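Colleague: This is the structure I have questions about; it appears just below.
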Amino acid sequence: NGLDYFVPNESEAEAITGMPVRNIQEAKNCAKELLAGGIRRVIITLGANGSLLAASNMAEHVAAFPVKSIDSTGAGDAFIGSFAVFLGEGLSELEAVRRANLYAALSTSGVGTQKSFYPRKRFDGEWQTHASASSVSSTS
């Protein structure tokens, strides 16, 4: 297949695999199924539960950042776009996912899509404030 990253949300992952994704373990099982198809990395976004980064030899749950969510429209786009930017800037996959989790969470704190996306300078300030709040847990 040659696909480096596949980034579905819970509903999309369920629709593609036919497997439920209601918790971290089910997300992990679903990611394994997707990886078996030849995808190199799967990131399943889990809304308020963060995201799961998985490859053939690992699965890392990355916790969400708590925010007062008003409108989740566009959060997936915010996650994917910011993840690509952070990865392109040379951050590790895990660090890029952590930051994308925050960027997506912040995008839900306003109404609408583009107008809810934080400018980079504002995001960087939020990252400094929230960076220590993110936790990562490895699963096998």
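Add 1 to the 1-based position in the sequence shown for this note's numbering, that's all there is to it. Every residue gets a Cβ at the ideal spot worked out from N, C-alpha and C, and that includes glycine. The structure presented is a predicted model; accordingly, all values stated were derived computationally and were not measured.
(1) Would you kindly report the start and end of the unbroken beta strand (DSSP E) that includes T109?
(2) With the cut-off set at 9 Å, would you say V8 and G51 are in Cβ contact?
(3) By alpha-carbon positions, which one of L92, L107 and E61 ends up nearest to F80?
(4) When you compare the CB positions of V43 and A64, do they come within less than 9 Å of one another, or not?
(5) Smallest Cα separation from Y6: which of E27, A32 and A28?
(6) Within a Cβ cutoff of 6 Å, which residues of the same chain sit near F84, ignoring the five residues on either side of it in sequence?
(7) Assign N10 to one of three DSSP states: helix, strand, or coil.
(8) Could I get the ranges of all uninterrupted beta strand (DSSP E) runs contained in the stretch 35-82, with 3 residues as the minimum, in chain order?
(9) In terms of residue numbering, what span does the alpha helix (DSSP H) encompassing G126 cover?
(10) Determine the burial state of G126: buried for a count of at least 16 other Cβ atoms within 10 Å of its Cβ, exposed for fewer.
(11) Quick one: residues in its chain with C-beta nearer than 6 Å to the C-beta of Y119, no 5 flanking neighbours on either side, listed in chain order?
Modeller: Working from what's here:
(1) Note, T109: premise wrong, no beta strand (DSSP E); not H, not E.
(2) Cβ atoms of V8 and G51: not closer than 9 Å.
(3) L107
(4) No, Cβ-Cβ distance for V43 and A64 is not below 9 Å.
(5) A32
(6) A97 and A101
(7) strand
(8) 42-46, 52-56 and 59-63
(9) R121 to H131
(10) exposed
(11) If we look at Y119 and ignore the five residues flanking it on each side, its Cβ neighbours are L107.
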